[in-house]
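Visitor: Take this structure first; my questions come after.
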Amino acid sequence: GENVEQHPSTLSVQEGDSAVIKCTYSDSASNYFPWYKQELGKRPQLIIDIRSNVGEKKDQRIAVTLNKTAKHFSLHITETQPEDSAVYFCAASMGAGNMLTFGGGTRLMVKP
Amino acid sequence: KAGVTQTPRYLIKTRGQQVTLSCSPISGHRSVSWYQQTPGQGLQFLFEYFSETQRNKGNFPGRFSGRQFSNSRSEMNVSTLELGDSALYLCASSLSRYFGPGTRLTVL
Numbered sequence: 024g025e026n027v028e029q030h031p032s033t034l035s036v037q038e039g040d041s042a043v044i045k046c047t048y049s050d051s052a053s054n055y056f057p058w059y060k061q062e063l064g065k066r067p068q069l070i071i072d073i074r075s076n077v078g079e080k081k082d083q084r085i086a087v088t089l090n091k092t093a094k095h096f097s098l099h100i101t102e103t104q105p106e107d108s109a110v111y112f113c114a115a116s117m118g119a120g121n122m123l124t125f126g127g128g129t130r131l132m133v134k135p
Numbered sequence: 105k106a107g108v109t110q111t112p113r114y115l116i117k118t119r120g121q122q123v124t125l126s127c128s129p130i131s132g133h134r135s136v137s138w139y140q141q142t143p144g145q146g147l148q149f150l151f152e153y154f155s156e157t158q159r160n161k162g163n164f165p166g167r168f169s170g171r172q173f174s175n176s177r178s179e180m181n182v183s184t185l186e187l188g189d190s191a192l193y194l195c196a197s198s199l200s201r202y203f204g205p206g207t208r209l210t211v212l
């Protein structure tokens, strides 16, 4: 089955800096790659997603890039703010998101 | 529209017991997926239901089962509880775009 690896497991940045989180997947049939933000004690929240027919997608300070050949995708957060502090999860699925395989998560800490 | 809701929010059970968790998706959404979240194993897919039919199942033992009703509400059941079943159980609707708050299950 699909396997998703996520790095780094923890990331500490200064407010205003950029943060990059990387994921690799094993199954070339995967075609949907969402990212979730989970604050402490709260539910995962979908923040951005990308499909395999697109190489990059942006939404304000957040962007995701996908390299199908290398089977990796990345989350980029620019101009980080303290409220960006959370655990971020990447995921992959063969389909539209009904059966996701998650990465292990990255704890992002943004220092004021 | 109301979001995804789950009941109960917290449960404490003892080994060997069984438990039933409930999930109500966003109104009009027919897909419900269930995930288990633990510190050690992270987020793992349990199963997915669409229009009362189980479409996909993750790699969990048969003690974990579920069903979906005609109003799209879904339940999952865990029988013969083990200590390792302690986890946050999350459901999601609309192809995992919207998650519920989860049910925190503690097995003693």
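So the protein lines, in turn, are chains A and B.
Heads up: the first sequence begins at 24 in my numbering, then just goes up one per residue.
Heads up: the second sequence begins at 105 in my numbering, then just goes up one per residue.
No residue lacks a Cβ here, since even glycine has one placed at the ideal position from N, Cα and C.
Checking 9 Å against the spacing of the C-beta atoms, do Lys81/A and Ser51/A come in under that value?
Guide: The answer is no: Cβ separation not under 9 Å.
Visitor: Have a look at the DSSP bridge pairing and note the partners of Gln110/B.
Guide: DSSP, once it has assigned bridges, lists Cys127/B as partnering Gln110/B.
Visitor: Using the rule of at least 16 other Cβ atoms within 10 Å of the residue's Cβ for burial, across every protein chain shown, is Ile100/A buried or exposed?
Guide: The residue in question, Ile100/A, is buried, as its Cβ has 16 or more Cβ neighbours within 10 Å.
Visitor: Taking Cβ to Cβ, would you say Gly166/B is nearer than 9 Å to Leu150/B?
Guide: Going by C-beta atoms, Gly166/B is not nearer than 9 Å to Leu150/B.
Visitor: Would you be able to state if there are at least three C-beta pairs under 8 Å between the region 197-209 of chain B and the region 62-70 of chain A?
Guide: Result yes; three or more Cβ-Cβ pairs closer than 8 Å.
Visitor: What number of angstroms, rounded off, separates the C-alpha of Thr47/A from the C-alpha of Ser32/A?
Guide: The alpha-carbon atoms of Thr47/A and Ser32/A are separated by roughly 14 Å.
Visitor: Grab me the residues of Leu147/B's own chain with a C-beta within less than 6 Å of its C-beta, minus the 5 sequence neighbours each way, in chain order.
Guide: Only Tyr139, Gln141 meet the Cβ criterion.
Visitor: Which whole-angstrom value describes the C-beta separation of Pro59/A and Phe112/A, a residue pair presumed to lie in contact below a C-beta threshold of 8 Å?
Guide: In the sequence under discussion, the amino acid at residue 59/A is Tyr, which differs from the Pro named in the question. The Cβ separation is near 5 Å, so the contact holds.
Visitor: Could you tell me the boundaries of the beta strand (DSSP E) in which Thr157/B lies?
Guide: Here the beta strand (DSSP E) through Thr157/B covers 157-161.
Visitor: Near Gln104/A, which residues of its chain fall below 7 Å by C-beta distance, leaving aside the five closest residues on each side in sequence?
Guide: Contacts found: Glu38, Val133.
Visitor: Examine chain A for any beta-carbon lying closer than 9 Å to the beta-carbon of Pro129/B, and answer yes or no.
Guide: With 9 Å as the cut-off, Pro129/B does not count as an interface residue toward chain A.
Visitor: Among Val43/A, Val36/A, Pro135/A, which has the Cα closest to the Cα of Val87/A?
Guide: Among Val43/A, Val36/A, Pro135/A, the Cα nearest to that of Val87/A belongs to Val43/A.
Visitor: Tell me Val27/A's beta-bridge partners as DSSP assigns them.
Guide: Answer by DSSP bridge pairing, in chain order: Tyr48/A.
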